[in-house]
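Accompanying notes for the structure given below.
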Amino acid sequence: MSLRPLYVSPIGRGGVDIGIQNILRAVKRAGVDGAELLRMPERYNFAPMLLPSALPRDWWRDRDIIQARSRVAFALKRPGIPLVTTVHHLTTDPRLTPVSSLAQRMFYRLVESRYDGWSVAKADAVVCVSRYTQQMTEATYGRRDTHLIYDGIDTDVFTPAPQRQRIDALPASDARIRLLFVGNRTRRKGFDLLPRIMDLLPKDYVLYYTASFQAGVDINPHPRMIPIGTPDRDGLVAAYRSCDIMLFPSRLEGFGIAPAEALACGIPVVTTNASALPEVVDDGESGYLVEPNDVAGYVCRVRELGEDAKLRQRFGEFGRDKVVRSFGYDMSGPRFRDLYLQLLQRDVR
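Everything in the sequence shown is counted per my numbering, starting at 2 for the first residue and increasing by one.
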């Protein structure tokens, strides 16, 4: 197909960058061979109005569509080329306030919320990655014609281990039950809850966690928490296949890429009954949903799964089927492609 969309994304390892890469792969699988990704230094997330001057000359030439996250999309609008912005989550979300520093709250309120608003207003199409994010976006910025397209998961890559048997790609330990946390070590992700949860779990439960070391963060928060760095995609698949349960006590997710990846690998998930996470994890079917900050609740549900291998298998099978049906590239790719074709039929200024 001759469509030539251009995706502009920061160089990073967070969910937003992964989401853009997933869109690129999904639309290519849907036949949009001309799709390309243009990377930008992450610092332009904070001053996106300077971004066009940092991009290659005539970067928009011969492009049918320009797409970027809502923090920067407004700065990329070009006459005659449809602009698509993707809202991954909003910093105006009240769930973010208790887990943000004063400086972060000031930046969110005075700066980033304006960037998001400008992008939502200027874009020819606004795509939200979950129903929760869609409702928040429409309520916050008043735009009622947004599109719901879930973040896509490559279910040909994120697959269960052969014979659904746990493999050994994680560092050696005395664990009988291996837990996995995937995400940044922030309060929004619930990382601060993990040591408290581990304190109450049996000694043969070990938690492996991703993320690079960060200044000001305890590099050894608990003796039964083992860091595994920042694995690439293949390494992440191996990590999922090597664990028994994903533990993800995040307080706010615009979608929940990591839980969806775990489910695609046949791993049950214990996560939070908040934000978009109930759209990904079906309580009592593919995992358990626990109320925010309920340490005892997380411990109870993790132990319930940890002591029942058949339950883990049943939840894993249900979760895998759910992700393939609802979040696979075969769902997201054609929806983006069709949206682009609709936009190209409009008179875009």
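Beta carbons are placed, not taken as given, at the ideal position from N, Cα and C, and that holds for glycine.
Given the structure is predicted, the values throughout are model-derived calculations rather than measurements.
Close Cβ partners of residue i (< 6 Å) along its chain, the five nearest in sequence each way excluded
i	result
glutamate 289	Correcting the residue type first, residue 289 is tyrosine in the shown sequence and not glutamate. Answer for tyrosine 289: Val271, Arg302, listed in chain order.
tyrosine 209	Leu171, Leu181, Ile227, Ile229
asparagine 185	Ala212
arginine 225	Met199, Val207
glutamine 105	none
aspartate 331	none
glycine 334	Ala27, Val28, Arg30, Ala31
glutamate 286	Phe319
tyrosine 241	Ala263, Cys266, Ile268
lysine 123	Phe75, Lys78
histidine 223	Pro196, Met199
arginine 188	Val100
valine 121	Val127, Tyr142, Arg144
threonine 87	Arg70, Val128
asparagine 294	none
isoleucine 67	Leu7, Leu77, Ile82, Leu84
phenylalanine 192	Arg186
With 16 other Cβ atoms within 10 Å as the buried cut-off, status of residue i
i	result
phenylalanine 328	buried
phenylalanine 337	buried
alanine 216	At alanine 216 the pLDDT is 41, less than 50, meaning the model places this residue with poor confidence; the figure from the coordinates comes in the next sentence. So alanine 216 ends up on the exposed side.
aspartate 169	exposed
glutamine 164	exposed
phenylalanine 256	buried
glycine 81	exposed
glutamate 308	exposed
lysine 190	buried
glutamate 262	buried
arginine 99	The sequence as given places proline at residue 99; arginine does not occur at that position. Flag for proline 99 reads exposed.
lysine 311	exposed
threonine 231	exposed
serine 144	In the sequence on display, residue 144 carries arginine and not serine. Exposed is the call here.
arginine 350	exposed
proline 42	exposed
arginine 252	buried
serine 102	exposed
isoleucine 21	buried
leucine 237	buried
glutamine 343	exposed
glutamate 113	buried
methionine 247	buried
phenylalanine 47	exposed
leucine 111	exposed
proline 377	Residue 377 is absent from the structure shown; the chain starts at 2 and stops at 350.
glutamate 254	buried
proline 11	buried
proline 260	buried
alanine 36	buried
aspartate 245	buried
proline 203	exposed
alanine 55	exposed
proline 250	buried
Which residues DSSP lists as bridging residue i, in chain order
i	result
serine 10	Arg40
glutamine 68	Tyr8, Val85
arginine 79	Ile82
phenylalanine 182	Tyr210
isoleucine 154	Gly329
leucine 290	Thr272
Assumed close pair residue i, residue j - CB separation to whole angstroms, cut-off 8 Å
i	j	result
aspartate 283	lysine 323	7 Å
threonine 141	cysteine 266	So it is not a contact: roughly 34 Å between Cβ atoms.
alanine 176	aspartate 205	6 Å
alanine 277	threonine 134	6 Å
valine 17	arginine 62	Wrong, their Cβ atoms sit about 26 Å apart, outside the cutoff.
aspartate 155	arginine 26	6 Å
arginine 234	valine 183	The pair is not a contact, with the Cβ atoms about 12 Å apart (cut-off 8 Å).
valine 85	leucine 39	The pair is not a contact, with the Cβ atoms about 14 Å apart (cut-off 8 Å).
isoleucine 24	glycine 118	Contact doesn't hold; Cβ gap of about 22 Å is too wide.
aspartate 65	tyrosine 341	7 Å
Neighbourhood of residue i by C-beta distance below 7 Å, restricted to the same chain and skipping five residues each side
i	result
leucine 51	Tyr45
glycine 298	Val291, Glu292
isoleucine 19	Ile258
serine 243	Arg167, Ile168, Asp169, Ala170, Leu171, Arg179
arginine 321	Pro161, Leu264, Ala265, Gly267
Own chain, CB closer than 8 Å to residue i, minus 5 neighbours either side, in chain order
i	result
arginine 132	Leu149, Ala277, Glu280
tyrosine 116	Pro49, Ser71, Arg72, Val73, Phe75
glutamate 305	Tyr289, Leu312
valine 325	Thr156, Ala265
valine 296	Leu194, Arg197, Ile198, Leu201
aspartate 125	Pro83, Leu84, Val85, Leu344, Arg347, Val349
tyrosine 109	Thr92, Thr93, Leu97, Ser101
valine 300	Ile198, Leu201, Leu202
Heavy atom of the ligand NAD within 8 Å of residue i beta-carbon
i	result
lysine 190	Absence of the ligand NAD from the depicted structure is noted, as is the absence of any ligand whatsoever, leaving it without description.
Exercise. Give, in chain order, every unbroken run of the beta strand (DSSP E) that is at least 3 residues long and sits entirely within the segment 108 to 148.
Key: 126 to 129
Quiz item: Mind pulling the alpha helix (DSSP H) runs of 4 or more residues that sit fully within the segment 218 to 288?
Solution: 234 to 243, 258 to 265, 278 to 281
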